[in-house]
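There are 2 protein chains.
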Amino acid sequence: MVSTAAFAEIATLAGEPARAAMLHALMDGRALTAGELARAGGVTPQTASGHLARMAEAGLVAVEKQGRHRYHRLASRAVAQMMEGIMQVAASRAVPVHRLTVGPRDAALRRARTCYDHLAGRLGVALADALVEAGHAEIEPEAATLMPSGVDLLASLGIDLAGQTAARRRARILCRPCLDWSERRPHLAGAVGAALCSHCLAEGWIRRIEGSRAVAVTRKGEEALRRHFGIVVI
Amino acid sequence: MVSTAAFAEIATLAGEPARAAMLHALMDGRALTAGELARAGGVTPQTASGHLARMAEAGLVAVEKQGRHRYHRLASRAVAQMMEGIMQVAASRAVPVHRLTVGPRDAALRRARTCYDHLAGRLGVALADALVEAGHAEIEPEAATLMPSGVDLLASLGIDLAGQTAARRRARILCRPCLDWSERRPHLAGAVGAALCSHCLAEGWIRRIEGSRAVAVTRKGEEALRRHFGIVVI
DNA sequence: CCGATGTTACGGTCGTCTCCGAAGCATGAT
DNA sequence: ATCATGCTTCGGAGACGACCGTAACATCGG
């Protein structure tokens, strides 16, 4: 059985404030150095290094040596999903009084951000809604489907879902939904969401905002999103 | 934003060994008394009481007074899903050497058990496979669908999915898959999985095994499962 | 080769949290 | 009313773990 000891170890690792902050910093899917993560966690590099070693040992993060730097990233999609799950529970009883004035950083996050490997925030939800509206997808809290027309649409944009479709001869693609903590609505995640997100980045439709999980929609992106999906992200 | 502080608090609560054991004991979806949970956690009632109070405050468990007993259960499906996520990560790097001889208790768990509100183990996977085989469902790691014929089949058994279908006029039901830790294969979870599980219990096809999440398939259940789904759980 | 930058190892201090004993409250039975 | 049971609160002992000095160790650029 998955011993409760192993369960407890993982949860404990994720539960320490400094480590939790570091894991959050990695939730944009990129790989960061120990120094950057130390700043994110509010601890000294030595302390951060120790934390990272433990998390690497436990399989929460993966390290990649590159010259004099060691890049750390979340070890797997499963880790990101685990964190989503914890956030879901944490969010469900948070914000006793809804803060009226949120900072500009928070505003940017609510507008558009990455959630490990896919898009979230108003952009992510708008994209999902547009696909549903046009009949290209069905999205519900428990599951989602990309319809044949949706597969075609994405293919026409050059988004390669071949790995998803080649093996099985079915045009309909089941994919994972993700409940957005700021919008409280489901959006597209999983392999399809990841492909969509990386395509937006590759095409220069969005670009990452330094030191945050937020992303900015470029002028080119605004135009492309309106043309291909008919959405305008406010 | 879902502050990292709130995240850390939840993860820390779940990470303490005694609390983790108590949460695991609640993963069968039932409500247990503080005393039972104290035994499950290997601590004295006083200690357990303190833990339970904290977890109730944080929204991990819900309490229900009934006479001189106070029944505790997982507060929501979200909590169960969070735990599944943590278990997934914990399992991914567990069992360095695959234990050859597992106890009879473990064997029963691998054969059939509940996973919060749905069925898992060989029974859960066999049920899922049978539905897929017959074209009643599509199940993948990221999402699952109960096809119209599957909805009909369950309806003919008296499984009420009305709450799921009434609002929208669609026979196809999207539902959540759950990766089985013992079988490493996805099975049916979510509302559909829950309905299936409670029906099996209500019809006496399975019954809970005392002090465990394992369930036993009754003689009546064996017959029913073979007749309706064509499966024989070994 | 030699500094600069970044990462790891060690030892001691400190705070936090778990845990149980004992006592205090409820509820229900006798 | 009185007792029994189950749960909770209180207080102190103990353990665990985080944290930061200092210092050693890699890697890279000059």
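Line by line, the protein sequences are chains P and G. If you're matching positions, the first sequence starts at 3 in the working numbering and goes up one per residue. If you're matching positions, the second sequence starts at 3 in the working numbering and goes up one per residue. Beta carbons: idealized from backbone N, C-alpha and C, even for Gly. Just so you know, these numbers come straight off a predicted model, no measurement behind them.
When Cβ-Cβ separations below 7 Å define contact, G/Gly17 makes contact with chain P.
Under a 10 Å Cβ-count criterion, G/Arg229 is classified as exposed, with fewer than 16 other Cβ atoms of the shown protein chains found around its own Cβ. Among the residues facing chain G, P/Val234 is not included, as its CB has no counterpart in that chain under 7 Å away. Between the alpha carbons of P/Thr220 and P/Asp119 lies a distance of about 19 Å.
For the region 143-163 of chain P, residues whose beta-carbon sits nearer than 8 Å to a beta-carbon of chain G comprise Glu144, Ala145, Ala146, Thr147. Any Cβ of chain P closer than 7 Å to the Cβ of G/Leu28 would place that residue at the interface, and such an atom is absent. Under the Cβ criterion (8 Å, minimum of three pairs), the region 35-53 of chain P does not count as touching the region 46-58 of chain G. Secondary structure at G/Ala77: coil, using DSSP grouped into helix, strand and coil. Taking one beta carbon from each stretch, the region 80-92 of chain G and the region 81-93 of chain P have 3 or more pairs nearer than 8 Å; the two touch.
For P/Val81, the chain G residues whose Cβ falls inside 7 Å of its Cβ are Val91, in order along the chain. The residue among G/Arg210, G/Ala10, G/Ile12 with its C-alpha nearest the C-alpha of G/Arg113 is G/Arg210. Under the 7 Å criterion on CB atoms, P/Leu176 is classed as interfacial with respect to chain G.
The three-state reading of DSSP puts G/Leu176 in strand, counting E and B together. Sequence-distant partners of P/Gly192 (beyond 5 residues in either direction) whose C-beta falls short of 7 Å from its own C-beta, in its chain, are Cys177, Arg178.
The beta carbon of G/Thr14 falls within 7 Å of a beta carbon belonging to chain P, placing the residue at that interface. DSSP places G/Leu54 inside the alpha helix (DSSP H), whose first and last residues are 47-59. Taking 7 Å as the cut-off, the Cβ atoms of G/Pro188 and G/Leu181 count as close. If you look at G/Arg124, you'll find it in the alpha helix (DSSP H) that goes 123-135. For P/Arg186, there is no enclosing beta strand (DSSP E), as DSSP marks it with neither H nor E. G/Glu140: not part of any alpha helix (DSSP H); member of the beta strand (DSSP E) spanning 139-141, first to last residue.
Annotation: G/Ile211 has no Cβ neighbours in chain P at a cutoff of 8 Å; minimum Cβ distance is about 14 Å.
Within its own chain, the residues whose Cβ lies closer than 6 Å to the Cβ of P/Ala146, once the five positions on either side in sequence are excluded, are Cys177, Pro179, listed in chain order. Minimum Cα-Cα distance from P/Arg186 among the listed residues P/Ala93, P/Gly37, P/Ala40, P/Val45 corresponds to P/Ala93. G/Thr116 is outside the set of residues whose beta carbon lies under 7 Å from a beta carbon in chain P. Separation of the CB atoms of G/Gly123 and G/Ala139 is rounded to 18 Å, and the pair is thereby denied contact status at 8 Å. Where G/Glu11 is concerned, the enclosing alpha helix (DSSP H) starts and stops at 6-17. For P/Arg75, not one C-beta of chain G is nearer than 7 Å to its own C-beta. Residues Glu140, Ile141 of the same chain have their beta carbon placed closer than 8 Å to that of P/Val134, with the five preceding and five following residues left out of the count.
The alpha-carbon separation between P/Glu205 and P/Glu38 amounts to approximately 27 Å. Taking a beta-carbon distance threshold of 7 Å, P/Thr6 counts as an interface residue toward chain G.
Taking 7 Å as the threshold, the shortest C-beta distance from G/Phe9 to chain P falls below it.
Residue-level contact by beta carbon fails for G/Ile208 and chain P, as no gap is shorter than 7 Å.
Here DSSP, grouped into helix, strand and coil, assigns G/Val91 to helix. A Cβ-Cβ separation of about 6 Å places P/Ala27 in contact with P/Leu34 under the 8 Å criterion. In this chain, the alpha helix (DSSP H) harbouring G/Glu225 covers 221-231.
Proximity of chain P to G/Met57 at the Cβ level (cut-off 8 Å) is not reached, the minimal Cβ distance being about 11 Å.
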